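Asker: Residue numbers (my numbering), protein chains in the order written: chain A, -7 to 240; chain B, 2 to 137; chain C, -2 to 121.
Backbone N, C-alpha and C fix where the C-beta goes; we use that ideal spot for every residue, glycine too.
If you're wondering where the values come from, they're calculated on a predicted model, not measured in any experiment.
One structure is given below, represented as structure tokens, and several questions about it will come after.
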């Protein structure tokens, strides 16, 4: 059984404001993921190592980190696929609280800002029954509902890097998920929320958000379609004739 | 819970040192060369309006090694724009031929074919019919 | 109701997309003929339609076509340049950048319009 070298970026606010790298040697067994190595380090080598994790199976979204420079879930990244020394750093674009733990308040604020709930002009009373949806209608937004809020997409986005005001991939994808939901009546108001300020139009279609998403969401697609729908919407408002292609 | 920024703001440009992002930056930078072409072309038209000798002189200048090199670089970037554009657009608006969705490499190939056809038509009909005579 | 900012971004984006598509399909041929082959003597730099020579396409349509292609390419380029500058540190100066872009595009489009529609065709 060999060992693997793990290089972790450390930062302790109480120890002065400089970050530094610390290298550990971790015994390697087949099938180990980066999170296993971090847990070994914390349990056996250095109890001060601080990081987030929970489900260890790629569904809670807690364990996001930069692994060899790429935003990954540490629980879903096999050591066998990585070049040594395996470098683990906190996610890009977020303020670092300690070691690998980052402050995701901005991310959370944006998720809420886009109103991630069914919006109705008129709520149906319970007696009128449930809102029904065909499998085809569900399929339209299904992909965008798979987000686990891990924040990897924000870490990969150079637009967000340059402008923290940018609405960002996950929030846009979530907003688009509700826009596409046949039960939702948010319509063009949703498009306005998604494009105001440093909104969807600030996206330059780099596409790295979709490349790093561990759940197969395509936020880049959502952002481009938001631009297109919003633009067609505004155009049809400016022109006297009706423009075909309204979604519902 | 408070978060303290560790590094000063230059870390905002971490992406400038990653190959994937550099390819994207080049894609965006192709726009500078496209703008250059528009400016050169407008200058050409302006020299044309000025009369034969001014126009000929400008054409001669364009043939000089540094400007010819620039023109080739512009052409290369224009093609890079085309290729990356053909890879981007189908991701947003899938192409449909008949009832089939055309994706990935097939979409790129189809678009490149359309590029060749469009180029041929535009040369033959507008730019220089003598280069590609359409009838006889 | 969309804000002025949203209306501006929407129109800018639509013209960017249109210009990008036109540029993708047509610019390589334009560049090849005009500034590579022509200076070397292998082709005409200027479409014969611009010189008043009647080809399959009437001269006025050649001028309109050139205005659309050049205008579209310029719009596309300026949009990308604006967002490149935002990505390279000028994100908090969006109004300034938007103003600059509008200024540059106005100048370019005005010059193009003047050269293509207000200047009499040159006769050899």
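Measure the CB-CB distance between residue 39/A and residue 83/A and report whether it falls below 7 Å.
Answerer: Position 47 of the first chain, counting from 1, holds the residue named residue 39/A. Position 91 of the first chain, counting from 1, holds the residue named residue 83/A. The answer is no: Cβ separation not under 7 Å.
Asker: Could you spell out the range, first to last residue, of the alpha helix (DSSP H) harbouring residue 208/A?
Answerer: The count along the first chain starts at 1 and reaches residue 208/A at position 216. Premise fails: residue 208/A is in no alpha helix (DSSP H) and is neither H nor E.
Asker: For the alpha helix (DSSP H) that residue 187/A lies in, which residues bound it at each end?
Answerer: As a working note, residue 187/A is residue 195 in the first chain. Residues 179 to 187.
Asker: Do the region 83 to 90 of chain C and the region 19 to 35 of chain C meet, that is, are 3 or more Cβ pairs less than 8 Å apart?
Answerer: No, the region 83 to 90 of chain C is not in contact with the region 19 to 35 of chain C.
Asker: I want to know whether the region 213 to 227 of chain A touches the region 164 to 176 of chain A - three or more CB-CB distances under 8 Å.
Answerer: Result yes; three or more Cβ-Cβ pairs closer than 8 Å.
Asker: List the residues of chain B that residue 217/A touches, going by C-beta distances under 7 Å, in chain order.
Answerer: Position 225 of the first chain, counted from the start, is the residue given in the question as residue 217/A. Here the neighbours are 93.
Asker: Please report the distance separating the alpha-carbon of residue -4/A from that of residue 72/A.
Answerer: Walking along the first chain from the start, residue -4/A turns up at place 4. Walking along the first chain from the start, residue 72/A turns up at place 80. Between residue -4/A and residue 72/A, the C-alpha separation is close to 9 Å.
Asker: Just verifying my parser: in three-state terms, what is the DSSP assignment at residue 12/A?
Answerer: On the first chain, residue 12/A is found 20 positions in, with the first residue counted as 1. In the structure shown, residue 12/A sits in a strand (DSSP, three-state: E or B).
Asker: Any C-beta of chain A within less than 9 Å: which residues of the region 76 to 98 of chain C qualify?
Answerer: Result list: 77, 80, 81, 83, 84, 85, 86, 87, 88, 89, 91.
Asker: How would you call residue 97/A, buried or exposed, if buried means at least 16 neighbouring beta carbons within 10 angstroms?
Answerer: Within the first chain, numbered from 1, the residue matching residue 97/A stands at position 105. Flag for residue 97/A reads exposed.
Asker: Within 10 angstroms of its Cβ, does residue 0/C collect 16 or more other Cβ (buried), or is it exposed?
Answerer: Translated into the one-based positions of the third chain, residue 0/C becomes position 3. When all chains shown are included, residue 0/C counts as exposed.
Asker: One question on the structure: do residue 30/A and residue 43/A come within less than 7 Å of each other, judged by their Cβ atoms?
Answerer: Against the first chain, residue 30/A aligns to sequence position 38. Against the first chain, residue 43/A aligns to sequence position 51. Result yes, Cβ atoms of residue 30/A and residue 43/A sit closer than 7 Å.
Asker: Among the residues of its own chain, which have a CB less than 8 Å from the CB of residue 135/A, if the five just before and after it don't count?
Answerer: As a working mapping, residue 135/A is identified with position 143 in the first chain. The residues are 208, 209, 210.
Asker: Residue 101/C to residue 79/C, Cα distance in whole Å?
Answerer: One-based indexing of the third chain puts residue 101/C at position 104. One-based indexing of the third chain puts residue 79/C at position 82. Cα to Cα, the separation comes out at about 11 Å.
Asker: Quick one: measure Cβ to Cβ for residue 16/B and residue 63/A, integer angstroms, because I've assumed they're closer than 8 Å.
Answerer: Position 15 of the second chain, counted from the first residue, corresponds to residue 16/B. Position 71 of the first chain, counted from the first residue, corresponds to residue 63/A. With a Cβ gap of about 12 Å, residue 16/B and residue 63/A do not count as contacting.
Asker: From residue 6/C to residue 13/C, what does the alpha carbon distance come to, in whole angstroms?
Answerer: For the purposes of this step, residue 6/C is taken as the residue at position 9 of the third chain. For the purposes of this step, residue 13/C is taken as the residue at position 16 of the third chain. So the alpha carbons of these two residues sit roughly 10 Å apart.
Asker: Residues of the region 141 to 161 of chain A with a CB closer than 8 Å to any CB of chain B: list them in chain order, please.
Answerer: Cβ contacts with chain B: 150, 153, 154.
Asker: Looking at the ligand NAD, does it come within less than 6 Å of residue 214/A, judged from the CB to the closest heavy atom?
Answerer: Questions concerning the ligand NAD fall outside what the structure shown contains, since it holds no ligand whatsoever.
Asker: What distance in whole Å lies between the Cβ atoms of residue 39/B and residue 71/C, which are believed to be in contact at a cut-off of 8 Å?
Answerer: As a position in the third chain, residue 71/C is number 74, starting the count at 1. As a position in the second chain, residue 39/B is number 38, starting the count at 1. With 8 Å as the limit, residue 71/C and residue 39/B qualify as a contact, their Cβ atoms being about 5 Å apart.
Asker: Using a Cβ-Cβ cutoff of less than 8 Å, which residues in the same chain neighbour residue 54/C once the five nearest sequence positions on both sides are dropped?
Answerer: For the purposes of this step, residue 54/C is taken as the residue at position 57 of the third chain. Correct list, in chain order: 46, 62.
Asker: Assuming contact is defined by CB atoms lying nearer than 7 Å, are residue 94/A and residue 178/A in contact in what I supplied?
Answerer: Locating residue 94/A in the first chain gives position 102, where the first residue counts as 1. Locating residue 178/A in the first chain gives position 186, where the first residue counts as 1. Not a contact, by the Cβ cut-off of 7 Å.
Asker: Write down every uninterrupted run of the beta strand (DSSP E) in the region 83 to 115 of chain B whose length is 3 residues or greater and which is fully enclosed by it, in chain order.
Answerer: Counting whole runs of 3 or more residues, the region 83 to 115 of chain B contains the beta strand (DSSP E) stretches 96 to 98, 101 to 103.
Asker: Could you tell me which chain B residues have their CB closer than 9 Å to the CB of residue 64/C, listed as they occur along the chain?
Answerer: Your numbering for residue 64/C matches position 67 in the third chain. Under the 9 Å cutoff, chain B gives no residues; its nearest Cβ is about 11 Å from residue 64/C.
Asker: Among the candidates 10/A, 14/A, 9/A, whose CA atom is the shortest distance from the CA of residue 1/A?
Answerer: If you number the first chain from 1, residue 1/A lands on position 9. Out of 10/A, 14/A, 9/A, 14/A has the C-alpha closest to the C-alpha of residue 1/A.
Asker: If you check the beta carbons only, do residue 89/A and residue 185/A fall under 7 Å apart?
Answerer: Numbered from 1 along the first chain, position 97 holds the residue referred to as residue 89/A. Numbered from 1 along the first chain, position 193 holds the residue referred to as residue 185/A. Not closer than 7 Å, so no.
Asker: According to the neighbour-count rule (16 or more other Cβ atoms, all chains shown, within 10 Å of its Cβ), is residue 114/C buried or exposed?
Answerer: In the third chain, residue 114/C corresponds to position 117, counting from 1. When all chains shown are included, residue 114/C counts as exposed.
Asker: Give, in chain order, every residue of the region 50 to 65 of chain A whose Cβ lies closer than 8 Å to some Cβ of chain B.
Answerer: Within the region 50 to 65 of chain A, the residues whose Cβ lies closer than 8 Å to some Cβ of chain B are 61, listed in chain order.
Asker: Closer than 7 Å, CB to CB, is residue 43/C near chain B or not?
Answerer: Taking the first residue of the third chain as 1, we reach residue 43/C at position 46. Interface residue, yes.
Asker: Would you please verify whether the beta carbon of residue 23/C is less than 7 Å from any beta carbon of chain B?
Answerer: Counting from 1 along the third chain, the entry for residue 23/C is found at position 26. With 7 Å as the cut-off, residue 23/C counts as an interface residue toward chain B.
Asker: May I have the straight-line CA-CA distance separating residue 240/A from residue 81/A, to the nearest angstrom?
Answerer: For the purposes of this step, residue 240/A is taken as the residue at position 248 of the first chain. For the purposes of this step, residue 81/A is taken as the residue at position 89 of the first chain. With a pLDDT of 43 at residue 240/A, under the threshold of 50, the predicted position of this residue should be treated as unreliable, and no value is reported.
Asker: Taking residue 224/A as the reference, which of 190/A, 203/A, 196/A, 180/A has the closest Cα?
Answerer: On the first chain, position 232 is the one that residue 224/A refers to. When each option's Cα is compared against that of residue 224/A, the closest is 180/A.
Asker: Ignore the nearest five residues each way along the sequence and tell me which others in residue 121/C's own chain have a CB closer than 6 Å to its CB.
Answerer: Sequence index remark: in the third chain, residue 121/C carries index 124 (1-based). With a pLDDT of 43 at residue 121/C, under the threshold of 50, the modelled position of that residue is not reliable, and the figure given next carries that caveat. Nothing listed; no residue qualifies.
Asker: If you measure from the beta carbon of residue 57/C to each beta carbon in chain B, is any gap under 7 Å?
Answerer: By 1-based counting over the third chain, the position of residue 57/C is 60. Chain B, which has no Cβ nearer than 7 Å to the Cβ of residue 57/C, makes this no.
Asker: Count the other CB atoms within 10 Å of the CB of residue 107/C; is the residue buried (16 or more) or exposed (fewer)?
Answerer: For the purposes of this step, residue 107/C is taken as the residue at position 110 of the third chain. So residue 107/C ends up on the exposed side.
Asker: Have a look at residue 51/C and residue 68/C and give me their C-alpha separation to the nearest angstrom.
Answerer: For the purposes of this step, residue 51/C is identified with residue 54 of the third chain, where counting begins at 1. For the purposes of this step, residue 68/C is identified with residue 71 of the third chain, where counting begins at 1. Cα to Cα, residue 51/C sits roughly 24 Å from residue 68/C.
Asker: Who are the Cβ neighbours of residue 102/A in its own chain at under 8 Å, not counting the five residues just before and after it?
Answerer: Here residue 102/A refers to the residue found at position 110 of the first chain. Within the same chain, residue 102/A has close Cβ partners 159, 160, 162, 163.
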